[in-house]
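As C-alpha cells, the structure follows; a few thoughts come after it.
Residue numbers (the UniProt record's numbering): 1 to 366.
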C-alpha cells in the first residue's frame, strides 16, 4: 500500500536497523509521502510494516531508479525482499519504463544475490559513492517482456534468435531468423548467411564491405520459398545519398535495378510510399514478420544503417530480434530476442539518411 504518515515510526525503525550510512531521514520520508514523489509503498503483514520500497522517475526518460528497498531484520529470509522488488518493477512497468536501475554496496552480497536472481546485470562500479566512501555496484534490468496474446492457446512460439557473424550481415541474419520461424530449413546457416549477403549486397553502401539492399534481400527471401511484399519510400535504387563516388553510385544503381526488374518479373508487390505503423501492426498481427531498415543513431549516435527483424507489437512496443553482436543501450548482455522498442523510438529509428529512406520486407509462409 501507499506509504502514509501513519507509517513513519515503522519506516524510521526499518531504516535505522537496515543501514549504517546513507539513511533516509524521517523528514525525507515525510517529504516523499506529502509530495507523492515517485512510487513509495510499504508491505504490511498482520498489521505490521515489514518493508518498503521507493522508485523514482526522471521526466522525459524511460529509466526508473530503485532509490531504496529494505526489509526489517526480523522479517528477512521470508521472500519479502523479492516480493517488494517485483512490486517495484510492476510500478515502473506500468509507467512504461524500459529499465530499472539501482545501486548497492559492493560488499552487500546478499542484496546482490537477490538482484542477480531477478535478472539484473552489473553495469559499473562507482567509487566512493556512499557517505563512508565505500563503492557502489550499479545494476540494471530490462523490464518489459513480450507476452503471448490471449486466445493463442499457447501454440505461438517465439521467433528463434540468431546473431550475425560479421559486421555487414545483419540483413542475412534477420532473414535466417525468419526462415527458421517459418520452418524453412537451412543446411548450413553459417555458410548461407554469407551466401544471402553475396546475393543481396549493394556493393558500396558503406566503407569496407557493402551492406544489403531491400530489393536484393527480397529476392533472396523469394529464392528460399518465402512469400514476400516489399515496402519502400521511393522508386528505384536506395541508399545512394551517402556515397560520394559517382562510379560507385552507378554500380550500386545497376545492381539494384537488376533486383527490381527481377522482382517485377515475378509479380512481387513493391509498394512505394509510407509504410505506416498501423500497416506494420496489422502485418505482425497476421503472423507475418518484417525485416526493416533502421538507423542506429537514436540508440548510439553512430548513424549506421542496420537491418532488424520485427517480430511482434502491442500498444506500447515493437518487439525486435536484433542480430547485432554489440550491446545497444536497450539490451542486456544475454538477451536480444524480442527486445521492446517504444513505438515513439521506433518511429524515429525507422529509415536511414537525411531523406529518411525507408524499406520493409514483409515475410510470410509460402
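Glycine included, every Cβ here is placed at the ideal spot set by N, Cα and C.
For residue 12, the uninterrupted alpha helix (DSSP H) segment begins and ends at 8-18.
The alpha-carbon of residue 354 is positioned some 9 Å away from that of residue 242. The residues 215, in chain order, have a CB closer than 6 Å to that of residue 260 in the same chain once the five nearest residues on each side in sequence are set aside.
The beta-bridge partner set that DSSP reports for residue 99 consists of 63 and 142. Taken through DSSP and simplified to helix, strand or coil, residue 238 comes out as coil. Residue burial annotation: residue 237 is buried, with at least 16 other C-beta atoms found within 10 angstroms of its C-beta.
With respect to the 8 Å criterion, residue 278 and residue 98 are not classified as neighbours on the basis of their beta carbons.
Counting along the chain, residue 115 sits inside the alpha helix (DSSP H) bounded by residues 109-117. For residue 55, the enclosing beta strand (DSSP E) starts and ends at 48-57.
Close CB contacts of residue 1 within its chain, under the 8 Å cut and outside five residues either way in sequence, are with 41, 42 and 44 (chain order). Burial is judged here by how many other beta carbons sit within 10 angstroms of a residue's own beta carbon; residue 58 has fewer than 16 and is exposed. Residue 361 is bridged by DSSP to 230 and 291.
Taking a C-beta distance under 8 Å as the contact criterion, residue 202 and residue 239 qualify as a contact pair. Residue state for residue 28 is assigned as helix, using DSSP reduced to three classes.
Under the DSSP assignment, residue 181 falls in the alpha helix (DSSP H) whose first and last residues are 170-181. If you ignore the 5 residues before and after residue 156, its C-beta comes within less than 8 Å of the C-beta of 148 and 149, all in its own chain and listed in chain order. Taking the CA atoms as reference points, residue 14 sits about 10 Å from residue 74. In the DSSP assignment, residue 340 is bridged to 319. When Cβ pairs closer than 8 Å are counted between the two stretches, the segment 135-144 is seen not to touch the segment 15-35, the count staying below three. By the C-beta criterion, the segment 346-361 is judged to be in contact with the segment 221-230, since at least 3 inter-stretch pairs fall below 8 Å. Taking the CA atoms as reference points, residue 195 sits about 25 Å from residue 296. In the DSSP assignment, residue 305 forms a beta bridge with 295.
Closest by C-alpha distance to residue 33, out of 21, 51 and 7, is 7. A straight-line Cα-Cα distance of about 26 Å links residue 235 and residue 344. Contact annotation, residue 321 with residue 159: C-beta distance approximately 6 Å; criterion of less than 8 Å satisfied.
DSSP, reduced to helix, strand and coil, places residue 2 within a strand of the structure shown. Note on residue 105: 16 or more other CB atoms within 10 angstroms of its CB, so buried under the neighbour-count rule.
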